[in-house]
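In my numbering, each number is its position in the sequence shown, counted from 1, plus 1.
Ideal Cβ placement from N, Cα and C applies to all residues, glycine included.
Every value quoted in this text rests on a predicted model; they were computed, and no experiment measured them.
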Amino acid sequence: LAYLEIRTLEGQNFHITCHMSGFYLNGSENAKRFDPLPTKTRKACHSQTIVHLLQKISAIFKKNFDLLFTKQTMQEIFSSMHIPLVRPDWLKQDELVKHQWNMNRTEE
Numbered sequence: 002l003a004y005l006e007i008r009t010l011e012g013q014n015f016h017i018t019c020h021m022s023g024f025y026l027n028g029s030e031n032a033k034r035f036d037p038l039p040t041k042t043r044k045a046c047h048s049q050t051i052v053h054l055l056q057k058i059s060a061i062f063k064k065n066f067d068l069l070f071t072k073q074t075m076q077e078i079f080s081s082m083h084i085p086l087v088r089p090d091w092l093k094q095d096e097l098v099k100h101q102w103n104m105n106r107t108e109e
């Protein structure tokens, strides 16, 4: 459970409640009055993700996010993938520990 105060690119302030059922605009109007219940004065918005809620309340955010998302997907897939430069420890273990034959070990 968390409460966020967000200022959109249009200059409007919104108070958002983050709940296990999703995100919604709460009834808080300013720092003087806190109301965690869903808003009744503004258009009630509820969403499962914070991005989707921000797209509902801000047209500029929606346009810029869609533009950023399409720009990212237009690139080659390998240009956005992270390729690790360091080998994981579990790969190095074979080099460090040499296998030795043991007469008491069962063979599979």
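Counting only unbroken stretches of 3 or more residues, the beta strand (DSSP E) elements lying wholly within the region 22 to 61 are 23 to 26, in sequence order. Taking a cut-off of 8 Å on C-beta distances, the region 26 to 35 does not touch the region 60 to 67, as fewer than three cross pairs fall below it.
Using a 10 angstroms sphere on the CB of Leu54, the tally of other CB atoms reaches 16 or more, which defines it as buried. Under the three-state reduction of DSSP, Thr18 is assigned to strand.
Thr18 is positioned such that its CB atom lies closer than 8 Å to that of Pro37.
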